[in-house]
Structure formats: C-alpha cells, structure tokens
Amino acid sequence: MRMNYKTIAVSLMLGALSASAYALTPGSGTWVKETTLFGLQDAYTYVPKNTAPATIGKGRALMLTLHGCGMTAAGNVINRKYNWEDTAEKYGMVVIAPTVPAGTTTTRKYAGCWDWFGAGHSRSTRDEAILLKLIDAVKARPELDIDPKQIYVTGLSAGGGLVVDLGCVAPDYFAGMGINAGPALNTPATAGVGSKSTRTPQQVAADCKAYAGNYSTALNTQITSVVNGSTDSVVDPTHDWTNRDGMKLAYGATTSAGTITEVKSTGTLWKDSASNIRVSYIEATGMGHAWPAGAGGSGGGLYVDYTHVNYPAYVTKFFFDNNLRVERGNPDPVVTSCKATVASSTATAVTISGTATDNDPITGYQVTINGPTPVYDNAAGSGTSFSKLYTGLSNGSYNVIVTASDNVDSGSNVSPAPCTTSFQIGPVVLVPPSNVSAPPSSITASEIGLTWSNVTGATSYKVTRTGGPTGTVVLSVPAASGTVTSHTATGLTEQTQYTFTVQSVNADGESAASPPVTVATKSAFICTATTSSNYAHVTGGRAYASGGYAYAKGSNTRMGLYNTFYTSTLAQTAPGYYNVGNCP
C-alpha cells in the first residue's frame, strides 16, 4: 500500500500509542565492553532496559557514535559524557561507541583521529571496513532485535568527517547521518580544516554518489543532520555548510521546510520534491568546537558542551520522525523464494529469480550481489515473481540478497526478512586449511593425530609428512562432514620429530600448503613408581649414595639421608632415569 505523506503524523501518533507492541528483550542499561573488535582499540555497547520504549518499525534502532581526535570511547563518550543514555532508554535504541584503531601514523599515534582524510574511501578498506564489520556483528545478535532499516551514525570532528564517508560508501547501511563539526567530504589531509573549506557542495554531492556506486539508490531514502558551533575555530563552519548543502543536492532536497529552535541553538529543515524532510541544520550560538551533549551529561572534557542543544535527543527524534525506510503501519511484502542459476562452469553470468507475496501489488524487487563484481539493482522486476540476467561477472564466490517492496518511491515497505542464496563463477579458488593442530591427547609413541577446519569447496585434503626414517609421506584424506576433518598418522618412531602440512583439494586443483605443524612422538617407555627406604632404592639400583645422602639416578635429585629410616617415591620415566615423586 502506498502511503500518503499527509498520514505520516497520524502514523507517528499510532506508533507512539503502540510502542510496546513489538516485543523487545530488555538490556542491562549499562555500557558493556565488546570482545570482538576488528582492530579497534575498544568499543562499548549500550542496550536500554526500558521495557516499553517509543519504537518505530520492527525492532530496535542502532546508533554508531564516533568520538573526535584526542578522545576515546571510555574517556569521553560513555557513562553520560556524550549523554546518550536517556535518549537510548526513551527510544529503546542500542548505542555503540568505538575507539579508533591503534596505529603508527601521526594522526593515529599522537592525535587519535579517525581516518577521514582525503579521497579513496570504500566500504572494504580503511576505517569504514572495520566499522561496518562491527555493525554487522552487533546487528546479527538476535537478542538485540536490531532493525536494519534503523541504523544511524553520528560523530564529532574527525568522527564527523568519517560519518560522511560511511554514509556515502554504505548508504544501504545508514538510514541517517549526524555530522557534528566534520570536515567536508574528500577534504585533503594537507588542508587546514580551521580555514574555509576549499570543497564545493557540488563536489560533495558528486563524490558521495560516486562512493555509493552500485548502492547509490539507497541515497534516495537517507536523511542527514548537521550541527556545529557558531564560534568553532578548529573546523571552520564552512565545512559544515558544504556537507549540508552537498547532501541537499545529493538528495534533491533544496526546498526550505521550516525552522528549528533548540536550547541556545537555531536551524533550518529542507524537504525533497515528495515533501519528505531530508536535511536538518543547527547552529549552536556561541559554541566552539564541541559535541553538543546538552543538559544531563557531564565529564566529557574540553570538546563536549552541556549548555546548548541536547544533540543526542534532537538527532534521534529527527531520525525517528523522518526515517524513510521503516514500515509505518503497512504490511511488508514477504520474499518466499530466490534462486541463482549459472549456466555452466565457464559462464560469466547468473540469472537471479524469486517470488514474493503481499497484500498489495509488489512494485519492485531489489537484488544485491556481493562478491568480486558487486551489483545493487533496485529495479530487478515487479509482480509476484521476477527473473533477471546479470552479466560480466568476474570469477569468484558470490552471495545474493533479494528483497521486495510495495512502495519503491519511499522505500518504507521493504521485506524485513530478505531471501539469500549464493553462487560460484569459474573454478573455486581454494584456501589452505586453517587451525591445523595436533592435540596433545592424540599423540602417542607411534601415532600423531591432526585436526583442521574444513574449507568450503574442498573434496579432499593432501597431508604431507616429513621426518623420521621413512622420509616424506604424502596421503589423501577425504573431506569429513561438519566443520572439522582429522587424520591420524600411524607407524611412527618413538621420540621422533615430524612436520605436517595440509592442502585443500578439489577437481580444479589444490591450495597452497597450510603453515607447518611440528610435533614429536612420545617415548614408548612405560613409567613405574617405587616407594621404599632410601637404602633400598640405592641397593635396588634406582639411586646412589654420596656424602651420607641418597640421590635419584638420572635426575640427581637429593632424596634425603641414606639409611633405612628415610622413605622416598621414585618414578622411572626413562631407562636409567628417575625423578622424585609419582609418574606424570
């Protein structure tokens, strides 16, 4: 069903009245340190404990918030420093605050800055790749109920610069950007950001669309908020104006839609041709270079302000009120099947097909192909089914995501559970097995057991063994079902060192060898322990006497006085070799 924009206000009121209808798992209401960091120094996640928040759509929103240079998540953002907690509780929103990766560059080592500089940004390199992996990991946790249509990013200064980079290279991820005193997109590293911006809004718009590439249609449903202090001397306000006006051009949102009045702050809204609010700009009067945390926060340091607009509260409401991707009362279509068909092993094309159901006519299918030749097609077909050929694909493995919509223009009704499939173009390029190891429990005097993680596409494995009297031995081991394959080398010589490598094999060839694993067989000698007087140990040949004391043969460990009154236990661990104590 196509939504008339005049009904949005009514829909929002209905959403507020039924805010708790979508069941959410309450969190701890505290900042929890992440354990998987993808190269970041640290990251903290806040999951609100409010059981009846004012949510929209289907699930929680996720806010990625980025600090500025010289800051850290723990020192300047979490625990009320950026003042996210109350807003997160109100809206049931998960907030994640990372700290920049460590590094040896000047800006990393001494200034702790995000990598916003210059051109050459992409979703697979630099800080963008790291942060997208972090978002993927967080939104994949089922207990968090993250709605992928409600992922936002905000940041101060260098973090604000990276916000623009992220929003442009991955507009399909981010429904909204909150840019606070961020350098204009693609500003060179050598430019002094305290001076007027040398970039133009036209350049920002063009560069943003170029970065988006195959995902550029997602800019049609993205929104942006920009905020800065009127007296900022660290990042000149012209950078903020350039980002603001550039996104207005990128979105086609150049019509004024009203003014904004906040605490010691004023601003303007802009809308697109469909009357959707797309861009917000706020100037905090008299504020310098700072994150405007507003009343209720404290302790953030020199570059956090608590006397102007509460930006966490403002930008979250702006995102929730104007998100163009969430469902607002209209049932989503359901993709019931999808398939990828490659004609032959030498083909460079694939046919993607699928079916969907909905109460209303399905006006569009969206196909995302991730792999060596990525594709984002926002017009793959319509109706109850579709089939489309994609050509010119490079060799490699591909994953496919298919969604359907009944409101393509606004993007507000897209299937919440996409259909996924995969395919291969050309031969499977095998990688060496990982996690090759010899568990201690599998090692005896004549055997060594190996295990390794299975490799996708491998039908068998080539195990090469060197060492011992037999020299080099090469064996073929069938791939096991499940995630691990194992092999036991038998007939080995005791107390001898052997080296193993493993290669993945299929009909197209074999991989490079895994890193070598070197391990030695155990002794065939069976340990025995004897308890007797020191005198009996000496007369029994297990010990010797010297200077009135008894000593264990082999280890030369003193056992005590050499007489019939002192008692010891000796363990024979090798021929002619004794240790004080029992067998290991």
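Taking the working numbering, I'd label the letters of the sequence shown as residues 182 to 765.
No residue lacks a Cβ here, since even glycine has one placed at the ideal position from N, Cα and C.
1) Going by beta carbon distance, what residues of the same chain come within less than 6 Å of PRO553, once the five residues before and after it are set aside?
2) Apart from the five residues just before and just after GLY220, which ones in its own chain have a Cβ nearer than 7 Å to its Cβ?
3) What first and last residue would you give for the beta strand (DSSP E) that runs through LYS330?
4) Using DSSP with H/G/I as helix, E/B as strand and the rest coil, what is GLY299?
5) Taking DSSP's pairing of strands, which residues face ALA453 in a bridge?
6) The beta strand (DSSP E) spanning TRP212 covers which residue range?
7) Going by the CB atoms, is the gap between ALA292 and HIS136 shorter than 8 Å?
8) Do VAL658 and VAL644 have their CB atoms nearer than 8 Å?
9) For PRO613 versus SER695, is the C-beta distance shorter than 8 Å?
10) Looking at VAL460: is its Cβ nearer than 8 Å to the Cβ of ARG425?
11) Which of the three DSSP states, helix, strand or coil, is assigned to ALA422?
12) Taking only three categories from DSSP, how would you classify MET358?
13) Closest to ALA278 by C-alpha separation, out of ARG261, LYS271, ALA300, THR246, would be which residue?
14) When the Cα atoms are used, what is the spatial distance from THR754 to PRO621?
15) For PHE604, which beta-bridge partners are listed by DSSP?
16) Would you call the CB atoms of VAL771 and VAL334 closer than 8 Å?
17) From SER303 to SER685, what does the alpha carbon distance come to, in whole angstroms?
18) Rounded to a whole number of angstroms, what is the C-alpha to C-alpha distance between TYR747 and PRO765?
19) Which residue's Cα is closest to the Cα of SER618: ALA701, THR602, ASP539?
20) Excluding five sequence neighbours on each side, which residues of the same chain lie with their C-beta closer than 8 Å to the C-beta of THR669?
21) Please name the residue or residues paired with SER446 in a DSSP beta bridge.
22) In its own chain, which residues sit with a C-beta less than 7 Å from the C-beta of PRO329, not counting the 5 before and 5 after it?
23) Give, in chain order, every unbroken run of the alpha helix (DSSP H) that is at least 4 residues long and sits entirely within the segment 644-716.
24) Hey, MET274 and PRO229: beta-carbon distance below 8 Å or not?
25) Assuming THR536 and SER566 form a contact by the criterion Cβ under 8 Å, report the distance between their Cβ atoms to the nearest whole angstrom.
26) Go ahead and label ALA465 buried or exposed: buried means 16 or more other beta carbons lie within 10 angstroms of its beta carbon, across all protein chains shown.
27) Hey, which unbroken runs of the alpha helix (DSSP H) at 4 residues or more fall wholly within the segment 364-415?
28) Any chance you could list the beta strand (DSSP E) runs of at least 3 consecutive residues sitting entirely within the segment 251-299, in chain order?
29) Does the beta-carbon distance from SER411 to GLY467 come in below 8 Å?
30) Return the Cβ separation of ASN457 and ALA474 in integer angstroms, given the expectation that the two are a contact with Cβ distance under 8 Å.
31) Closest to ALA528 by C-alpha separation, out of SER534, THR572, ASN559, would be which residue?
32) Please name the residue in TRP297, GLU270, GLY251 whose C-alpha comes closest to that of ALA494.
33) Decide if GLU768 is buried, meaning its Cβ has at least 16 other Cβ atoms within 10 Å, or exposed.
34) Please classify GLY721 as buried or exposed, where buried requires at least 16 other C-beta atoms within 10 Å of its C-beta.
35) Let's see if you can read the secondary structure: which residues bound the beta strand (DSSP E) around ALA752?
36) With DSSP as the reference, label SER586 as helix, strand or coil.
Well, looking at it:
1) The residue you call residue 553 lines up with position 372 of the sequence shown. Taken in chain order, the residues that qualify are SER575, GLY577.
2) In the sequence shown, residue 220 corresponds to position 39, counting from 1. Answer for GLY220: PRO282, ILE311, listed in chain order.
3) Translated into positions along the sequence shown, residue 330 becomes position 149. Taken as a continuous stretch (DSSP letters only), the beta strand (DSSP E) holding LYS330 covers 327-337.
4) Walking along the sequence shown from the start, residue 299 turns up at place 118. In this structure, GLY299 counts as coil in the three-state DSSP scheme.
5) Residue 453 sits at position 272 when you count from the first residue of the sequence shown. Per the sequence presented here, residue 453 reads as Asp, with Ala not at that position. None; ASP453 has no bridge partner.
6) For this step, residue 212 is matched to residue 31 along the sequence shown. First-last of the beta strand (DSSP E) with TRP212: 212-214.
7) Residue coverage of the chain in this structure runs from 182 to 765, which leaves residue 136 outside it and unanswerable.
8) To locate residue 658, count along the sequence shown from 1; it is residue 477. To locate residue 644, count along the sequence shown from 1; it is residue 463. Yes; because the gap between Cβ atoms is below 8 Å, this pair is in contact.
9) Reading the sequence shown from its first residue, position 432 is the one you call residue 613. Reading the sequence shown from its first residue, position 514 is the one you call residue 695. Against a cut-off of 8 Å, the Cβ pair of SER695 and PRO613 comes out as a contact.
10) By 1-based counting over the sequence shown, the position of residue 460 is 279. By 1-based counting over the sequence shown, the position of residue 425 is 244. Yes; because the gap between Cβ atoms is below 8 Å, this pair is in contact.
11) Residue mapping note: residue 422 aligns to position 241 of the sequence shown, counting from 1. Note on identity: in this sequence residue 422 is Trp, with Ala being the wrong assignment. Three-state DSSP puts TRP422 in a helix.
12) If you number the sequence shown from 1, residue 358 lands on position 177. Three-state DSSP puts MET358 in a strand.
13) Counted from its first residue, the sequence shown places residue 278 at position 97. If we check each option's Cα against that of ALA278, THR246 comes out closest.
14) The residue given as residue 754 occupies position 573 in the sequence shown. The residue given as residue 621 occupies position 440 in the sequence shown. Rounded to the nearest angstrom, the two C-alpha atoms are 18 Å apart.
15) Indexing the sequence shown from 1 puts residue 604 at position 423. TYR579, per the DSSP bridge assignment.
16) Since the first and last residues shown for the chain are 182 and 765, residue 771 lies out of range.
17) The residue labelled residue 303 in the question sits at position 122 within the sequence shown. The residue labelled residue 685 in the question sits at position 504 within the sequence shown. If I take the Cα positions, the gap works out to 32 Å.
18) Start at 1 with the first residue of the sequence shown, and residue 747 comes out as number 566. Start at 1 with the first residue of the sequence shown, and residue 765 comes out as number 584. If I take the Cα positions, the gap works out to 23 Å.
19) By 1-based counting over the sequence shown, the position of residue 618 is 437. Taking only the C-alpha atoms, the option nearest SER618 is ALA701.
20) Looking up residue 669 in the sequence shown gives position 488. Within the same chain, THR669 has close Cβ partners SER623, GLU628, ILE629, GLY630, LEU631.
21) As a first step, residue 446 must be located in the sequence shown, where it is residue number 265. According to DSSP, SER446 bridges with GLU443, ALA465.
22) By one-based count along the sequence shown, residue 329 stands at place 148. Excluding sequence neighbours, PRO329 sits near LYS320.
23) none
24) Looking up residue 274 in the sequence shown gives position 93. Looking up residue 229 in the sequence shown gives position 48. Taking 8 Å as the Cβ cut-off, MET274 and PRO229 qualify as a contacting pair.
25) Here residue 536 corresponds to residue number 355 of the sequence shown, with the count starting at 1. Here residue 566 corresponds to residue number 385 of the sequence shown, with the count starting at 1. Contact holds; Cβ gap of about 4 Å.
26) Counted from its first residue, the sequence shown places residue 465 at position 284. Under this definition ALA465 is a buried residue.
27) 382-393
28) 275-282
29) For the purposes of this step, residue 411 is taken as the residue at position 230 of the sequence shown. For the purposes of this step, residue 467 is taken as the residue at position 286 of the sequence shown. Yes, they are a contact pair.
30) As a working note, residue 457 is residue 276 in the sequence shown. As a working note, residue 474 is residue 293 in the sequence shown. About 29 Å; that fails the 8 Å criterion.
31) Indexing the sequence shown from 1 puts residue 528 at position 347. When only C-alpha atoms are compared, the closest one is THR572.
32) Locating residue 494 in the sequence shown gives position 313, where the first residue counts as 1. Of the listed residues, the one whose Cα sits closest to ALA494 is GLU270.
33) A question about residue 768 goes unanswered here, because the residues of the chain that appear run from 182 up to 765.
34) Along the sequence shown, one-based indexing puts residue 721 at 540. Label assigned to GLY721: exposed.
35) Numbered from its first residue, the sequence shown carries residue 752 at position 571. Where ALA752 is concerned, the enclosing beta strand (DSSP E) stretches over 748-755.
36) Residue numbering aside, residue 586 sits at position 405 when the sequence shown is read from its first letter. If DSSP states are grouped into helix, strand and coil, SER586 belongs with the strands.
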